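These notes are about the structure you will find just below.
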Amino acid sequence: MKLEDDIPDKLKHLKTSTGGFKVPEGFFENFSNEVWQKIQQAQVEAEPVSPSLSIRLEQWLGTWFLPKPALALASLAILLIAALFWLKNPTGSVQDQLAEVDSTSVKNYVLSNIDEFDEESILESVKEVQSPVDMLPELPKTEIQQYLDDAVNELDEELLEEVF
Amino acid sequence: MPQAETSDEQILRLISRPQTLEQGFRLLVGMYQERLYWQVRRMLLDHEDANDVLQNCLVKVYRNIDKFEGKSGLYTWLYRIACNEALSFLEKKKRQSSASLDDEVSAIGKQLKADEFFDGDAAQIRLQQALVTLPEKQRQVFNLRYFEEMGYQEMSTLLDTSVGALKASFHHAVKKIESFLEEK
Chain A
5 MKLEDDIPDK LKHLKTSTGG FKVPEGFFEN FSNEVWQKIQ QAQVEAEPVS
55 PSLSIRLEQW LGTWFLPKPA LALASLAILL IAALFWLKNP TGSVQDQLAE
105 VDSTSVKNYV LSNIDEFDEE SILESVKEVQ SPVDMLPELP KTEIQQYLDD
155 AVNELDEELL EEVF
Chain B
26 MPQAETSDEQ ILRLISRPQT LEQGFRLLVG MYQERLYWQV RRMLLDHEDA
76 NDVLQNCLVK VYRNIDKFEG KSGLYTWLYR IACNEALSFL EKKKRQSSAS
126 LDDEVSAIGK QLKADEFFDG DAAQIRLQQA LVTLPEKQRQ VFNLRYFEEM
176 GYQEMSTLLD TSVGALKASF HHAVKKIESF LEEK
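Note that the protein sequences, when read in sequence, are chains A and B.
Going by my numbering, 10 is the number at position 6 of the first sequence; the sequence numbering is gapless.
Going by my numbering, 201 is the number at position 176 of the second sequence; the sequence numbering is gapless.
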């Protein structure tokens, strides 16, 4: 369909190619330059400025010293150190550790803490210890008899009277 | 239009290579700038507004040229982007203003009379005032048919609307404009 068939005469005479609008002189000749300039400007603005290595390092470290990450980091460091220490010095059984302690230290410890032990515990431990008699070397009966006779002879008579 | 299709292909091929990107894009702008400008200018009326909107539109085109799939012609794609940009501009302007339609019509008359880039007579100012009263779609169809003398088939592709609907829109637009011109 041709335009003339579509438009009433009243509007036909108003028609011009631009409808009365104009553009500044040389507008279209320079338009692509302006657009290209704007594209480049937009690209520069869109590209983030890359900070220097020292600034990036500082920023990275800074994030670790914020309260929460710092706390987490410290906890992790403690756990790691404890784990390393444990791996290097593994703890054995209690008996193994006691075996390493010398008898003098044990004696000193027991004497200084004697009040801490109750009587039952002491008696129980005494039972386990060999009696002094058991510890005597086996002697001939004649020697024992001789020893006892000498001892009796050495006793003071007055003292014996007092006793009996 | 085989020549135009070949040109579009050449432009797109140049744009696809980094070393010829600028050359290709400048060709695209040079080829379609006037058609696009007049479309936008008829919608916005003011030269500075049209210039800004079209430049922004072409920056968007540059950024998104890789998304052009070739399903429609290059001009159709450009035209739609330009129209969307212009409509967004108009909507933003309307939101900022609380003027009634009568106030708007009156303001356009004053604006065109004072515009150094408008040299139309009183009748042409009246025509622009009449166009402001039309719904956006009718105004768009009228501009394409009346000023660009675009055929309905091409317009149908461009606006993704049936030929019948376009004819009806144009007919209604003409009637409203006649009525407006007779009224005052």
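Positions of the beta carbon are idealized from the N, C-alpha and C atoms, including for glycine.
Quick caveat, the model's predicted, so the values are computed rather than measured.
Item                                                                                                                                                                             : Value
Can you pull out the residues from the region 29-52 of chain A whose beta carbon lies closer than 7 angstroms to at least one beta carbon of chain B?                            : F32, F35, S36, E38, V39, W40, K42, I43, A46
Taking Cβ-Cβ distances shorter than 8 angstroms, what residues in chain A pair up with E47 (chain B)?                                                                            : W40
So which of A:H17, A:D9, A:D10, A:P73 has the shortest CA-CA distance to Q149 (chain B)?                                                                                         : A:H17
In or out: D33 (chain B) buried (at least 16 other Cβ within 10 Å) or exposed?                                                                                                   : buried
Just the chain B side, please: which residues come within less than 9 angstroms of D13 (chain A) by C-beta, in chain order?                                                      : Correct list: empty, because the minimum Cβ distance to chain B is about 10 angstroms.
For a contact defined as C-beta to C-beta under 7 angstroms, what are the partners of L206 (chain B) on chain A?                                                                 : K14
Residues of chain A with CB under 8 angstroms from V84 (chain B), in chain order?                                                                                                : V39, K42, I43, A46
Going along chain A, which residues have a C-beta under 7 angstroms from Y100 (chain B)?                                                                                         : Near Y100 (chain B) there are no residues of chain A at all, since even the closest Cβ is about 16 angstroms away, more than 7 angstroms.
What residues in its chain sit with their C-beta under 8 angstroms from that of Q178 (chain B), if we drop five residues either side in the sequence?                            : V188
Which chain B residues are close to L88 (chain A), counting only those with a beta carbon under 8 angstroms from its beta carbon?                                                : None at all; the shortest Cβ gap to chain B is about 54 angstroms.
Cutting at 8 angstroms between CB atoms, please list the residues of its own chain near W63 (chain B), excluding the five before and the five after it.                          : F172, E173
Looking only at its chain, what residues have a beta carbon closer than 8 angstroms to the beta carbon of T158 (chain B), apart from the 5 residues adjacent to it on each side? : L126, V130, K201, F205
Can you name the start and end residues of the alpha helix (DSSP H) that D71 (chain B) belongs to?                                                                               : Careful: D71 (chain B) lies outside any alpha helix (DSSP H) and carries neither H nor E.
Does chain B have any CB closer than 8 angstroms to the CB of D9 (chain A)?                                                                                                      : no
List, in chain order, every chain A residue whose beta-carbon is nearer than 9 angstroms to that of V199 (chain B).                                                              : D10, I11, P12, L15
In three-state terms, what does DSSP make of F143 (chain B)?                                                                                                                     : strand
Who are the near neighbours of L53 (chain B) in its chain, counting only those whose CB is closer than 6 angstroms to its CB and skipping five residues on each side?            : I36
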